[in-house]
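The opening position of the sequence shown corresponds to residue 10 in my numbering, with each subsequent residue numbered one higher. No residue lacks a Cβ here, since even glycine has one placed at the ideal position from N, Cα and C. Inspection log for the structure reproduced underneath, given as structure tokens.
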Amino acid sequence: MITQVCRYTRAFGCSLPWTPGTGFLALVLTAGLVFPVTATAGECPRIVSQSPYITHSLEYLELTPCIVGASRYDDLDVEDTGGILDPDEQAISRVEPDLAFTSSWVERDDWADTVPAGTRAIVLGGFEGMDAVRENLERIADAAGLDDGAVRAAAFDDAWQEAADAVGASGERAVLMSSCSAQAYVYGPKTWLHDAFTRAGFEVVADQPGVHHLRLSEDTDELADLINQYDADVVFTFSGSEARSCRAVVASSPVRVVNLPSGYFSHPAPVILDGLAELETRHTEWAEAQ
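In structure tokens form, the structure reads like this:
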């Protein structure tokens, strides 16, 4: 039996061999969260992860060494298994996975037909809210045979809410956007970002559920319309340093623009813990002047 100290980071590592049903023996530190788990040496289940948000969840559960194939969007030294909507069936077959996870963008029957016979094909959601992120952890842990999956998922649930409470927003009206480009998307109710920012104390000013496209062009500026309709205080974007172009929007009153690292916020996965910590450190950029 092995004892080790681990910390959840975006970098892969600090993971142990695994045997189904035995769990891990380690001390896991996740954004201030500490909880013990158990492990013995053995073979991992062979896993294919067809989306980065699934990879982040596998990482949180210390299952990264079990990944034998991942999508082209992941930066892992494993077999490239194609995209979410265009998986490489032959590559998936070559790695002979025990478990294959993909996004709910894919129909369950289609995914089952894509993976080899004998592979357990699992479709995960997560986009609908933070409860769905927790449920993903539970489902992955159960499929992988982790004894303490429910404990880990519950600990994450406590951790993200604690991290959100620490942000300290006081009702600032916020627009949550993927970017300021013509392909911009805004996050409304029934999304993980709406849940996280609402818990952090913001009033998220979008009433259309889910993620929907904002038209931004010379003739149409739905971002300005949204800002003006709700008298927004701040626009958060999640893709590179595009704040300058956002500031050019015509609004009826000044609005702050804060660009946050896309890697922390674009995935409905435990990496949101890093995002909430970043949001707290950037308080002076989005908060009302006192």
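Short Cβ contact (8 Å threshold) for residue i with residue j
| i | j | result |
| --- | --- | --- |
| residue 242 | residue 291 | no |
| residue 93 | residue 58 | no |
| residue 91 | residue 80 | yes |
| residue 98 | residue 73 | no |
| residue 129 | residue 107 | yes |
| residue 219 | residue 207 | no |
| residue 276 | residue 62 | yes |
| residue 132 | residue 104 | no |
| residue 75 | residue 54 | yes |
| residue 266 | residue 239 | no |
| residue 173 | residue 205 | yes |
| residue 236 | residue 195 | no |
| residue 184 | residue 115 | no |
Rounded C-alpha distance that separates residue i from residue j
| i | j | result |
| --- | --- | --- |
| residue 192 | residue 152 | 36 Å |
| residue 289 | residue 141 | 23 Å |
| residue 69 | residue 274 | 16 Å |
| residue 234 | residue 83 | 36 Å |
| residue 126 | residue 88 | 19 Å |
| residue 230 | residue 157 | 49 Å |
| residue 112 | residue 135 | 9 Å |
| residue 164 | residue 120 | 30 Å |
| residue 297 | residue 52 | 53 Å |
| residue 40 | residue 209 | Bear in mind that the predicted position of residue 40 carries a pLDDT of just 42, short of 50, making it too unreliable to give a figure here. |
| residue 118 | residue 161 | 29 Å |
| residue 283 | residue 167 | 14 Å |
| residue 295 | residue 224 | 24 Å |
| residue 198 | residue 211 | 13 Å |
| residue 281 | residue 169 | 8 Å |
| residue 110 | residue 154 | 15 Å |
| residue 171 | residue 139 | 13 Å |
| residue 45 | residue 146 | Legend: pLDDT at residue 45 = 39, less than 50; position of this residue unreliable, value from coordinates given subsequently. When rounded, the distance between both Cα atoms is 17 Å. |
| residue 186 | residue 228 | 20 Å |
| residue 269 | residue 188 | 10 Å |
| residue 232 | residue 190 | 11 Å |
| residue 150 | residue 293 | 39 Å |
| residue 56 | residue 159 | 20 Å |
Environment of residue i [buried if 16+ CB atoms lie within 10 Å]
| i | result |
| --- | --- |
| residue 203 | buried |
| residue 20 | In this prediction, residue 20 has a pLDDT of 30, which is less than 50 and means its spatial position is unreliable; what the coordinates show is noted afterwards. Per the 10 Å Cβ criterion, exposed. |
| residue 216 | exposed |
| residue 179 | exposed |
| residue 177 | exposed |
| residue 262 | exposed |
| residue 137 | buried |
| residue 148 | buried |
| residue 64 | buried |
| residue 246 | buried |
| residue 71 | buried |
Inter-residue CB distance, residue i and residue j (contact presumed, cutoff 8 Å)
| i | j | result |
| --- | --- | --- |
| residue 248 | residue 271 | 5 Å |
| residue 278 | residue 66 | 5 Å |
Notebook entry, point to check: Quick one: complete beta strand (DSSP E) runs, 3+ long, within the segment 181-212?
Noted result: For the segment 181-212, the full-length beta strand (DSSP E) segments reaching 3 residues or more read 182-186 and 194-196 along the chain.
Notebook entry, point to check: What are the start and end residues of each continuous alpha helix (DSSP H) run of 4 or more residues lying completely inside the segment 105-167, in chain order?
Noted result: Counting whole runs of 4 or more residues, the segment 105-167 contains the alpha helix (DSSP H) stretches 117-123 and 139-153.
Item checked: Runs of beta strand (DSSP E) wholly within the segment 211-249 (minimum 3 residues, chain order) -> The qualifying runs are 220-222 and 243-246.
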